[in-house]
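The opening position of the sequence shown corresponds to residue 1 in the UniProt record's numbering, with each subsequent residue numbered one higher.
Step one of this worksheet: look at the structure below.
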Amino acid sequence: MASTTGQRRPWQEIALRSTYSLVGVAIIGLGAAVMLVGGVGVDPFTALNTGISDLIDWSLGTWQLVANAILFVFVLIWGRQFIGVGTVINMVLTGYFITWFSQLLTPVIPADPGLGAQALLFLIGIAIFDFGASAYMSAGVGTAPYDAIAPMIVDKSRFSYRWVRTIQDIITVTAAWLCSGPVGVGTFATAFFNGPLIEAFSAKVNAPLVGRLVRLLPERMRSDEEQKDPTAG
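In structure tokens form, the structure reads like this:
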């Protein structure tokens with residue numbers, strides 16, 4: 001896996017990629033909120049952070065920022081190439097986006113939607129969440145500390161991204177359950193599907209799209225690097 005965050009880029013290209021990353025993070029927040037309000041559980045990292053934030057009586061956004069800061073130290077030591085503007089965007093805004101979208105969706109989604117509706121909400125939520133994760137990672141301007149763990153391991157091993165990410169998410173789900181986080185069927189399902197879905201969205205949609213958008217810029221406003229799939233082993 002190759003990171004491109006260390007490449008020299010004109011500020012116009014950095015601005016375009018950073019905007020794409022910001023949109024991706026907002027989409028992550030929407031997907032997580034759909035699953036949270038729908039009562040099907042949330043992604044593993046959000047479940048863990050929600051459980052801890054409830055235990056210590058902090059807001060989700062504030063605790064998630066602290067948790068990311070702790071993980072950031074390890075990424076700074078072993079995976080500095082994954083740090084960039086997108087790292088900060090994800091660290092600071094994801095928790096707040098989840099809270100904001102949850103507040104918007106609570107009056108819309110019934111408190112007890114029923115099994116069929118919950119299944120639909122899960123499918124919609126995980127698709128939105130993983131598309132957003134793929135989008136911000138494909139922007140190539142940095143990866144959130146939690147999301148950088150799997151690429152760091154892939155970089156230093158022969159394991160595939162999907163398997164490393166799946167194992168990472170399963171461990172996180174276990175920790176979330178121990179902390180009384182909102183672990184549901186959807187949480188366990190995302191632990192198995194996040195890796196493959198992010199990998200697929202990156203290869204088929206977001207990495208090619210970012211490359212096309214960059215090529216729309218005048219030559220003096222873009223670098224000549226080839227857009228890489230951030231989840232490729």
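For every residue, glycine included, the Cβ atom is placed at its ideal position computed from N, Cα and C.
Computed from a predicted structure; not experimentally measured.
{"Asked": "Indicate whether the contact test is met: 3 or more Cβ pairs, each with one atom in the stretch 16-25 and one in the stretch 71-89, closer than 8 Å.", "Found": "yes"}
{"Asked": "How should Val-108 be labelled, buried or exposed, when 16 other C-beta atoms within 10 angstroms of its C-beta is the threshold for buried?", "Found": "exposed"}
{"Asked": "Less than 8 Å between the CB atoms is what I'm expecting for Gly-116 and Gly-186, so what's the real figure, rounded?", "Found": "That pair is no contact at about 14 Å."}
{"Asked": "Please report the distance separating the alpha-carbon of Asp-112 from that of Gln-118.", "Found": "9 Å"}
{"Asked": "Rounded to a whole number of angstroms, what is the C-alpha to C-alpha distance between Pro-218 and Leu-120?", "Found": "43 Å"}
{"Asked": "Could you check how far apart the C-beta atoms of Gly-184 and Val-40 are, in whole angstroms? I think they sit under 8 Å.", "Found": "5 Å"}
{"Asked": "Determine whether the beta carbon atoms of Phe-122 and Gly-29 lie at a separation below 7 Å.", "Found": "no"}
{"Asked": "With DSSP run on the structure shown, which of helix, strand or coil describes Ser-134?", "Found": "helix"}
{"Asked": "When DSSP labels each residue in this structure, what does Ala-189 get in the three-state scheme?", "Found": "helix"}
{"Asked": "Under DSSP, the alpha helix (DSSP H) around Gly-51 begins and ends at which residues?", "Found": "44-56"}
{"Asked": "Give me the Cα-Cα distance between Ala-26 and Leu-178, rounded to the nearest whole angstrom.", "Found": "28 Å"}
{"Asked": "Just the C-alpha distance for Ala-191 and Asp-43, rounded to the nearest angstrom, thanks.", "Found": "7 Å"}
{"Asked": "What are the boundary residues of the alpha helix (DSSP H) that includes Ile-109?", "Found": "No alpha helix (DSSP H) contains Ile-109, which DSSP labels as neither H nor E."}
{"Asked": "If Tyr-136 sits next to Asn-90, beta carbons under 8 Å apart, how far is it from one beta carbon to the other, in whole angstroms?", "Found": "6 Å"}
{"Asked": "How do the stretch 143-163 and the stretch 60-75 stand: do at least 3 beta-carbon pairs fall below 8 Å, yes or no?", "Found": "yes"}
{"Asked": "Output yes or no for whether 7 Å exceeds the beta carbon distance between Ala-176 and Leu-76.", "Found": "no"}
{"Asked": "I need the straight-line Cα distance from Ala-207 to Thr-106, nearest angstrom please.", "Found": "33 Å"}
{"Asked": "Met-221 lies in the alpha helix (DSSP H); which residues open and close that run?", "Found": "Element bounds for Met-221: n/a, residue is neither H nor E."}
{"Asked": "Excluding sequence positions up to five away, which residues of its chain have a Cβ less than 8 Å from the Cβ of Trp-11?", "Found": "none"}
{"Asked": "For Leu-197 and Ser-53, what's the separation of their Cα atoms in angstroms?", "Found": "28 Å"}
{"Asked": "Is Val-154 near Val-164, with beta carbons less than 7 Å apart?", "Found": "yes"}
{"Asked": "Check Pro-10 in the structure and name its three-state DSSP category.", "Found": "coil"}
{"Asked": "Can the beta-carbon of Gly-211 be found closer than 7 Å to that of Gly-132?", "Found": "no"}
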